[in-house]
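Participant: The letter at position 657 of the sequence shown is residue 869 when you use UniProt numbering, and the numbering goes up by one with no holes. All residues carry an ideal CB built from backbone N, CA and C; glycine is no exception. Everything numeric in this text was worked out from a predicted model, so none of it was measured.
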Amino acid sequence: AWREPPATTWTRTVCPYCGVGCVLDIGTADDRIVATRPALDGPSNKGHLCVKGRYAYDYVDADDRVCAPMLRRDGQWQRATWDQAIAFAAEGLRRIVSEHGPDAVGVLGSARATNEENYLIQKFARVAIGTNNVDCCARVCHTPSAAALKHMLGTGAGTNSFDDIEQARTLLVVGANPLENHPVVGARIRQRAKHGAHLIVIDPRRTGLAGIADIHLAPQPGTNVPLFNALAHVLLAEDLVDHAFVDARVDGLGTFASFIQAWTPERAAALCGVPADDIRRAARLYAQERPAMCLHGLGVTEHLQGTQGVMALIDLALLTGNLGLAGTGINPLRGQNNVQGAAVMGCEPGTLTGSQRLADARARFETAWGVPLPRSRGLNVLEMMDAARSGALKALYVIGFDVLASLANATETAKSLERLELVIVQDLFLNETARRSGHVFLPAVSSFEKDGTFMNSERRIQRVRQALTPRGQARSDAETLCRLVNALGRGAWFSRHRAEDVWDEVRSAWPAVAGIDYTRIDQQGLQWPCRGPDDPGTALLHAEHFAHGKRAVLERIDYQPTTEYTTAQFPFLLTTGRNLHQFNVGTMTGRTGQQLLRPTDTLDMHPYDAGQLGLDDGTQVRVASRHGQAALRLRITDAVAPGQLFASFHDPARALNQVTSPVRDCVTSAPEYKVVAVCVTPA
Ligand code: SF4
Numbered sequence: 213a214w215r216e217p218p219a220t221t222w223t224r225t226v227c228p229y230c231g232v233g234c235v236l237d238i239g240t241a242d243d244r245i246v247a248t249r250p251a252l253d254g255p256s257n258k259g260h261l262c263v264k265g266r267y268a269y270d271y272v273d274a275d276d277r278v279c280a281p282m283l284r285r286d287g288q289w290q291r292a293t294w295d296q297a298i299a300f301a302a303e304g305l306r307r308i309v310s311e312h313g314p315d316a317v318g319v320l321g322s323a324r325a326t327n328e329e330n331y332l333i334q335k336f337a338r339v340a341i342g343t344n345n346v347d348c349c350a351r352v353c354h355t356p357s358a359a360a361l362k363h364m365l366g367t368g369a370g371t372n373s374f375d376d377i378e379q380a381r382t383l384l385v386v387g388a389n390p391l392e393n394h395p396v397v398g399a400r401i402r403q404r405a406k407h408g409a410h411l412i413v414i415d416p417r418r419t420g421l422a423g424i425a426d427i428h429l430a431p432q433p434g435t436n437v438p439l440f441n442a443l444a445h446v447l448l449a450e451d452l453v454d455h456a457f458v459d460a461r462v463d464g465l466g467t468f469a470s471f472i473q474a475w476t477p478e479r480a481a482a483l484c485g486v487p488a489d490d491i492r493r494a495a496r497l498y499a500q501e502r503p504a505m506c507l508h509g510l511g512v513t514e515h516l517q518g519t520q521g522v523m524a525l526i527d528l529a530l531l532t533g534n535l536g537l538a539g540t541g542i543n544p545l546r547g548q549n550n551v552q553g554a555a556v557m558g559c560e561p562g563t564l565t566g567s568q569r570l571a572d573a574r575a576r577f578e579t580a581w582g583v584p585l586p587r588s589r590g591l592n593v594l595e596m597m598d599a600a601r602s603g604a605l606k607a608l609y610v611i612g613f614d615v616l617a618s619l620a621n622a623t624e625t626a627k628s629l630e631r632l633e634l635v636i637v638q639d640l641f642l643n644e645t646a647r648r649s650g651h652v653f654l655p656a657v658s659s660f661e662k663d664g665t666f667m668n669s670e671r672r673i674q675r676v677r678q679a680l681t682p683r684g685q686a687r688s689d690a691e692t693l694c695r696l697v698n699a700l701g702r703g704a705w706f707s708r709h710r711a712e713d714v715w716d717e718v719r720s721a722w723p724a725v726a727g728i729d730y731t732r733i734d735q736q737g738l739q740w741p742c743r744g745p746d747d748p749g750t751a752l753l754h755a756e757h758f759a760h761g762k763r764a765v766l767e768r769i770d771y772q773p774t775t776e777y778t779t780a781q782f783p784f785l786l787t788t789g790r791n792l793h794q795f796n797v798g799t800m801t802g803r804t805g806q807q808l809l810r811p812t813d814t815l816d817m818h819p820y821d822a823g824q825l826g827l828d829d830g831t832q833v834r835v836a837s838r839h840g841q842a843a844l845r846l847r848i849t850d851a852v853a854p855g856q857l858f859a860s861f862h863d864p865a866r867a868l869n870q871v872t873s874p875v876r877d878c879v880t881s882a883p884e885y886k887v888v889a890v891c892v893t894p895a
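Written out as structure tokens, the structure is:
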């Protein structure tokens with residue numbers, strides 16, 4: 213029987229998938245990955261890996277990996293030299309900036325890129341192009357969490373650490389399915405629950421954790437805010453408020469109490485379908501069995517009221533004093549390895565590195581970079597698509613982000629991309645965006661082929677180390693950016709692209725990581741803020757005071773129903789999400805053995821509904837919304853409630869985002885992937 217050759221070299225790095233940030237050792241022989249091992253001292257994984265981190269790395273040498281630059285000529289992709297591709301991209305950008313101004317260009321960073329690369333990406337947009345039109349994939353997941361946490365507490369990041377899971381007496385898991393999407397953390401939650409912690413799960417589906425929870429609240433998709441408000445109502449009505457904490461650190465209790473009086477559990481129950489008594493029980497448990505730790509996912513953020521939903525959760529933590537202590541807090545489970553890093557490095561239109569608001573930090577960055585920065589507001593990725601459709605945006609430089617497969621309402625995204633005069637795609641593969649709309653393809657490397665750092669969900673900066681030589685002519689995003697900048701004649705501002713040098717520039721731009729240098733994180737990562745060489749980093753935020761230096765203010769959130777509603781024509785509410793074996797739009801896991809375990813997307817339907825429609829398990833069905841349609845295989849399961857559906861979105865060929873809606877979070881524009889009204893018919 214064939215056996216893998218034994219590894220000759222072991223390289224410590226970080227898993228390229230979810231935001232848990234598991235540390236692993238990559239075993240290589242003859243410049244190929246032949247084995248992986250979980251790091252026993254990995255801070256978040258402690259010797260564990262899930263099925264993705266352990267096995268799903270074959271994409272690095274997939275047959276269809278593109279390892280040479282390409283140009284589309286006469287409608288066909290043709291191989292080009294690096295000089296030709298860079299010259300084409302630079303000439304196109306230069307022409308568009310000169311004819312239409314810098315704001316006719318958009319730039320997208322990526323969770324796939326390191327912190328250092330994302331820092332360079334946003335600097336490229338602002339300095340080399342002269343626009344604040346820069347964003348990243350955080351827009352479609354946890355930007356609402358960052359916005360809500362920054363607004364209310366002063367830091368747009370999770371408040372506690374994964375080690376707090378073992379400190380909590382109650383775990384509140386909201387709109388997240390960590391057993392499948394953050395499996396190592398999911399397992400820690402399950403262990404903690406089995407060892408006596410109380411577990412409350414809020415999710416429309418009966419997820420694995422919901423099945424073992426003390427209380428499972430299953431709201432109708434789109435009704436988080438009424439449910440969270442009713443929980444707050446019970447805290448006030450039954451005097452479960454931590455008055456000492458509120459007196460010391462929170463303002464607005466009086467006006468909040470008046471507002472929340474109307475949000476009785478009975479009123480919320482009528483909207484969200486959760487029994488009023490269950491709401492009362494959950495509120496009592498969260499308030500009385502402290503410390504209570506909230507971990508939330510995209511079931512909170514990917515809604516019309518995504519940011520406001522997170523604010524309502526923060527209200528609950530403030531009212532009960534479940535903040536600033538071990539085993540408490542509001543903790544977004546970030547979906548991708550470095551999605552938080554991408555945004556925090558400045559791949560957001562309104563913020564510079566360190567989530568420093570443009571208006572506040574502009575002068576400092578102008579001095580540091582020696583160049584005036586653009587004054588325009590800048591567009592996020594959804595607004596870029598709108599601007600492309602209207603003709604205002606002419607060029608898009610997209611790095612490690614398959615926008616066509618990823619954004620909701622894909623038919624409109626396709627129209628936007630088709631109107632662009634120049635689409636530069638930098639990736640490992642000819643993804644859907646490149647296939648349909650790309651003009652230049654610049655081959656990138658995987659995280660196993662480069663150095664740098666990633667930032668996990670608990671604000672930990674960890675080293676990413678090169679274990680393989682770059683394949684073919686593929687180059688790191690940092691190196692490619694520097695080539696492009698030189699071709700644009702702006703190279704003076706990008707003298708360095710070696711990862712450690714760029715990180716040192718980040719440290720000088722953002723005081724909260726000034727104390728994190730490569731030597732200190734050689735063995736173990738550090739959590740920011742970490743302001744100096746003797747600072748041990750910060751496992752727990754807001755212990756003494758909130759990061760904005762003020763008292764927190766309770767937010768009164770009115771309920772705004774989504775515009776997605778069921779009718780006789782569209783009788784089901786569909787939620788989309790991920791599953792254990794695959795990851796996002798399948799760019800990586802779709803080219804690994806995970807395909808055997810979960811080869812295609814499925815549509816989950818309750819047995820009652822399947823019976824009513826006369827559909828059998830495994831039938832090919834057509835799911836159609838007001839926006840588009842897709843074909844999926846039916847999976848009959850009582851994990852979804854009657855009238856509701858769930859589908860995964862990993863297979864670009866299924867094009868599930870043809871079905872999702874144009875509704876966006878009213879604060880940050882994150883798409884509402886979690887609610888769309890659909891009908892189902894045999895395919
Ligand atoms: Fe990778 Fe997340 Fe799995 Fe850890 S839990 S191995 S970070 S996918």
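(1) Any residues whose CB sits closer than 6 Å to a heavy atom of the ligand SF4? List them in chain order?
(2) Could you say which of Gly259, Leu252 and Met557 lies nearest to arginine 719 if we only look at CA atoms?
(3) Assign glycine 521 to one of three DSSP states: helix, strand, or coil.
(4) Near proline 682, what residues of its chain come up, given a Cβ to Cβ distance below 6 Å and the 5 sequence neighbours on each side ignored?
(5) Helix, strand or coil for histidine 410 per DSSP?
(6) Report the rounded CA-to-CA distance for threonine 788 versus leucine 510, giving the unit in angstroms.
(7) Can you tell me whether alanine 780 is buried or exposed, with buried defined as 16 or more other CB within 10 angstroms of its CB?
(8) On the DSSP bridge assignment, give the partners of arginine 285 in chain order.
(9) How would you label tyrosine 820, buried or exposed, when you count the other beta carbons within 10 angstroms and need 16 or more for buried?
(10) In whole angstroms, give me the CA-to-CA distance for phenylalanine 795 and glycine 265.
(11) Looking at glutamate 633: is its Cβ nearer than 9 Å to the Cβ of methionine 597?
(12) If we call anything under 9 Å between Cβ atoms a contact, is glycine 830 one with leucine 844?
(13) Could you name the residues of the same chain whose beta carbon sits closer than 8 Å to that of arginine 493, not counting the 5 residues immediately before and after it, in chain order?
(14) Assuming arginine 768 is part of the beta strand (DSSP E), what are its boundary residues?
(15) What does a CB cutoff of less than 7 Å around aspartate 270 pick up in its chain, not counting 5 residues either side in sequence?
(16) Is it right to say glycine 761 is buried, meaning 16 or more other beta carbons lie within 10 angstroms of its own, or is it exposed?
(17) Which parts of the segment 566–615 are runs of the beta strand (DSSP E), unbroken and 3 residues or longer, counting only runs that do not cross its ends?
(18) Quick one: Cα of tyrosine 609 to Cα of methionine 282, how far?
(19) Just verifying my parser: in three-state terms, what is the DSSP assignment at arginine 244?
(20) Can you tell me whether alanine 755 is buried or exposed? The criterion is at least 16 other CB atoms within 10 Å of its CB, across all chains shown.
(21) CB-CB under 8 Å to threonine 880, same chain, minus the five flanking residues each way: which ones, in chain order?
(22) With DSSP as the reference, identify every bridge partner of glutamate 560, one or two as the case may be.
(23) By DSSP's criteria, glycine 664 is part of a beta bridge. Which residues make up the other side?
(24) For the putative contact between proline 477 and alanine 442, defined by C-beta atoms under 8 Å, what is the C-beta separation to the nearest angstrom?
(25) Determine whether the beta carbon atoms of glutamine 403 and methionine 505 lie at a separation below 9 Å.
(26) Following the continuous beta strand (DSSP E) through isoleucine 427, name the residue where it begins and the one where it ends.
(27) Count the other CB atoms, across all protein chains shown, that sit within 10 Å of the CB of lysine 406; report buried if there are 16 or more and exposed otherwise.
(28) Apart from the five residues on each side of it in sequence, which residues of its chain come closer than 8 Å, Cβ to Cβ, to glutamine 685?
(29) For glycine 603, which residues of its own chain have a beta-carbon under 7 Å away from its beta-carbon, when the five flanking residues on both sides are left out?
(30) Comparing C-alpha positions only, which one of Glu670, Gly744 and Arg743 sits nearest to leucine 752?
(31) How would you call glycine 423, buried or exposed, if buried means at least 16 neighbouring beta carbons within 10 angstroms?
(32) Between the alpha carbons of glutamine 824 and phenylalanine 784, how many angstroms are there, rounded?
(33) Between which two residues does the beta strand (DSSP E) containing alanine 724 stretch?
(34) Which residue comes first and which comes last in the alpha helix (DSSP H) that contains threonine 625?
(35) For cysteine 694, report the span of its alpha helix (DSSP H) as first-last.
(36) For alanine 481, which residues of its own chain have a beta-carbon under 8 Å away from its beta-carbon, when the five flanking residues on both sides are left out?
Facilitator: On the basis of the supplied data:
(1) Cys227, Tyr229, Cys230, Val232, Gly233, Cys234, Asn257, Leu261, Cys262, Lys264, Gly265, His394, Pro395 and Val396
(2) Met557
(3) helix
(4) Val657 and Glu661
(5) strand
(6) 10 Å
(7) exposed
(8) Gln288
(9) exposed
(10) 11 Å
(11) no
(12) no
(13) Ile427
(14) Careful: arginine 768 lies outside any beta strand (DSSP E) and carries neither H nor E.
(15) Arg803, Thr804 and Gly805
(16) exposed
(17) 607–611
(18) 15 Å
(19) strand
(20) exposed
(21) Arg351, Thr355, Pro356, Ala359, Gly518, Thr519 and Asn592
(22) Thr563
(23) Val676
(24) 5 Å
(25) no
(26) 427–429
(27) exposed
(28) Cys279, Ala280, Pro281, Trp294 and Pro655
(29) Arg631
(30) Glu670
(31) exposed
(32) 13 Å
(33) Neither: alanine 724 is in no beta strand (DSSP E) and is coded neither H nor E.
(34) 622–631
(35) 689–699
(36) Ala442, Pro487, Ala488 and Ile491
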